[in-house]
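Novice:
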Amino acid sequence: MTRTRFAPSPTGLLHVGAARTALFAWLIARQNNGKFILRIEDTDKAREVEGSIAHIQESLHWLGISWDEGPKNGGKFAPYQQSQRLEIYRQWAQKLIDAGRAYADPYSPEELQSFREEAKANKKPFLYRNHRPENPPTWDGSQPLRFKSEPKSYTWNDAVMGELSSGKEVIDDFILIKSDNYPTYNFCHIVDDALMQITHVIRSQEFISSVPKFLNLYEALEIQPPIMATLPFVMGASGNKKLSKRDGAKDLLDYKREGYLPEALMNFLATLGWNDGT
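Residues 2 to 279 (the numbering used here) make up the sequence shown, in order.
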C-alpha cells in the first residue's frame, strides 16, 4: 500500500511552499488508494513557535487536506509527534552503538571550533570524521551521539529529478542525538519513516545534498529506502531565493482571511511550476 507523509516542524506558521509539499504527498496517497500521514517533527525545541502545531492542522483542514493517521485521530503507529517518541530513538541509537556505528562525541564546542579553524587554515573542508576519537567514552546521554559513517559514492533515482549522484566527500559523522537528548532530523525521520511504513517521501530541494548521508544511515540500519521525490523550490517575491518562514513568508491562513477560496489556492499550488510542454 502507498503510504506518504507530511512531516512539518512547528518552528513557524505554515506557508505555501510547505503546503505544496503536503498537497503532493496527499494527492499521491489518494491517487493510489493509500494512506496519508501527518507527523509533527518537534525536536528543535529552541526554535519551536508556540501555537504552530495547531496552526499547521487548521491550515491543512482549511485547504481540504485530511490525514488518515496523525495527531488527534491517531493510528497504529502512534504517537505521531516526535517529542513523544524519544525512547524509540534511543533504542535505535543503541542498535547502532552495539554495531559499532555510533559513538559519543567527547569534544567541547571550543575543541570543535579549533578543528574548523585548522581546516580553514589548511584550505580544506571541515569533516568531523577526520577527528573521530580512537577510544570514545561510553555514551550516557550527556554528550552528542554521532553516526560512524562509511563514506562512499552514491547514485540514486529521484522520482522527479531523475538520476542523481554524489561523491564520498559529502558524508560526515553527523549527530544522531544531541546533548539535550533530542534526536536530529537526519536520524529520527529515517527511523519514523521505517516504522510507519512510508513508501514515498516527497520533500523540498534543500534536502538533496543530505540524501547521501541518509543512504549511508539506511545501510547501517539495514532499512530499504523509500521512493524519494524532490520538489523544486517555491521562490520568494524577489525571485532569487526560496520562500522561507524565516524570511516572513505569508501565513497560509492569511489567504483565508483575505477571502481566497481554498480550491483556488489548491489549484495554484498544484500547477505552480508546471510545464505543459508547449
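Note that CB positions come from ideal geometry on N, CA and C, so glycine has one too.
Would you mind working out which of Glu42, Glu207 and Ala271 sits nearest Met162, comparing C-alpha positions?
Specialist: For the purposes of this step, residue 162 is taken as the residue at position 161 of the sequence shown. It is Glu207 whose Cα lies nearest to the Cα of Met162.
Novice: How big is the Cα-Cα spacing for Ala23 and Met229?
Specialist: If you number the sequence shown from 1, residue 23 lands on position 22. If you number the sequence shown from 1, residue 229 lands on position 228. Take the alpha-carbon of Ala23 and the one of Met229: they are about 14 Å apart.
Novice: Tell me the DSSP secondary structure of Asn74 in three-state form.
Specialist: One-based indexing of the sequence shown puts residue 74 at position 73. Here Asn74 sits in coil by DSSP.
Novice: Provide the residue span of the beta strand (DSSP E) that contains Arg133, from first to last.
Specialist: By one-based count along the sequence shown, residue 133 stands at place 132. That residue, Arg133, is in no beta strand (DSSP E); it is neither H nor E in DSSP.
Novice: Distance check for Ala100 and Ala30, CA to CA, integer angstroms please.
Specialist: If you number the sequence shown from 1, residue 30 lands on position 29. If you number the sequence shown from 1, residue 100 lands on position 99. Roughly 35 Å between the two C-alpha positions.
Novice: Which residue comes first and which comes last in the alpha helix (DSSP H) that contains Trp27?
Specialist: Reading the sequence shown from its first residue, position 26 is the one you call residue 27. First-last of the alpha helix (DSSP H) with Trp27: Val17 to Gln32.
Novice: Counting pairs of beta carbons, one from the segment 171-190 and one from the segment 137-155, are three or more of them closer than 8 Å?
Specialist: Contact check between the segment 171-190 and the segment 137-155: three or more CB pairs, one atom from each, fall below 8 Å, which counts as touching.
Novice: Quick check on the DSSP output: the beta strand (DSSP E) that includes Val202 runs from which residue to which?
Specialist: Counting from one through the sequence shown, the residue named residue 202 turns up at place 201. Note, Val202: beta strand (DSSP E), His201 to Ser205.
Novice: So, helix, strand or coil for Met229, using DSSP?
Specialist: Against the sequence shown, residue 229 aligns to sequence position 228. Strand.
Novice: Are the CB atoms of Val235 and Gly18 nearer to each other than 7 Å?
Specialist: By 1-based counting over the sequence shown, the position of residue 235 is 234. By 1-based counting over the sequence shown, the position of residue 18 is 17. Going by C-beta atoms, Val235 is nearer than 7 Å to Gly18.
Novice: Check for me: the alpha helix (DSSP H) holding Trp157 runs from which residue to which?
Specialist: Residue mapping note: residue 157 aligns to position 156 of the sequence shown, counting from 1. Counted as a single uninterrupted DSSP element, the stretch harbouring Trp157 is not any alpha helix (DSSP H) but the beta strand (DSSP E) occupying residues Tyr155 to Asp159.
Novice: So, is Arg204 buried or exposed, given that buried needs 16 or more other C-beta atoms within 10 angstroms?
Specialist: Here residue 204 refers to the residue found at position 203 when the sequence shown is read from its first residue. Its Cβ being crowded by 16 or more others within 10 Å, Arg204 is buried.
Novice: Take Ala265 as the anchor and find which of Ser180, Gly65 and Gln198 has the nearest alpha-carbon.
Specialist: The count along the sequence shown starts at 1 and reaches residue 265 at position 264. Residue Gly65 is the option with its Cα nearest to Ala265.
Novice: Does the segment 215-230 touch the segment 252-262, meaning 3 or more C-beta pairs lie closer than 8 Å?
Specialist: no
Novice: Helix or strand or just coil, what does DSSP make of Ala8?
Specialist: Here residue 8 refers to the residue found at position 7 of the sequence shown. In the displayed model, Ala8 falls within coil according to three-state DSSP, outside both helix and strand.
Novice: Please report the Cβ distance between Pro138 and Pro107, rounded to the nearest whole angstrom; I am assuming they are in contact, meaning their Cβ atoms lie under 8 Å.
Specialist: The sequence position of residue 138 within the sequence shown is 137, counting from 1. The sequence position of residue 107 within the sequence shown is 106, counting from 1. Separation of the CB atoms of Pro138 and Pro107 is rounded to 6 Å, and the pair is thereby assigned contact status at 8 Å.
Novice: Is Asp194 helix, strand or coil when you go by DSSP?
Specialist: By 1-based counting over the sequence shown, the position of residue 194 is 193. Looking at Asp194 - three-state DSSP - the assignment turns out to be helix.
Novice: Report yes if the C-beta distance between Cys189 and Tyr104 is below 7 Å; otherwise report no.
Specialist: Working through the sequence shown from its first residue, we reach residue 189 at position 188. Working through the sequence shown from its first residue, we reach residue 104 at position 103. Going by C-beta atoms, Cys189 is not nearer than 7 Å to Tyr104.
Novice: Please name the residue, chosen from Arg117, Ala122, Lys124 and Ile178, that lies closest to Thr44 on a Cα-to-Cα basis.
Specialist: Counting from one through the sequence shown, the residue named residue 44 turns up at place 43. Answer by Cα proximity: Ile178.
Novice: Use the C-beta contact count for His62: other C-beta atoms within 10 angstroms, 16 or more gives buried, fewer gives exposed.
Specialist: Along the sequence shown, one-based indexing puts residue 62 at 61. By the neighbour-count rule (16 or more Cβ atoms within 10 Å), His62 is not buried but exposed.
Novice: When DSSP builds the beta bridges, which residues end up paired with Leu165?
Specialist: Against the sequence shown, residue 165 aligns to sequence position 164. According to the DSSP secondary-structure assignment, Leu165 is paired through a beta bridge with Trp157.
Novice: Below 8 Å on the Cβ atoms is my contact criterion, and I expect Ile41 with Gln95 to pass it. Report the Cβ-Cβ distance as a whole number of Å.
Specialist: Along the sequence shown, read from residue 1 onward, the residue named residue 41 stands at position 40. Along the sequence shown, read from residue 1 onward, the residue named residue 95 stands at position 94. With a Cβ gap of about 24 Å, Ile41 and Gln95 do not count as contacting.
Novice: Here's the rule: buried if 16 or more other CB atoms are within 10 angstroms of the residue's CB, otherwise exposed. What is Gln144?
Specialist: Mapped onto the sequence shown, residue 144 falls at position 143. Its Cβ being crowded by 16 or more others within 10 Å, Gln144 is buried.
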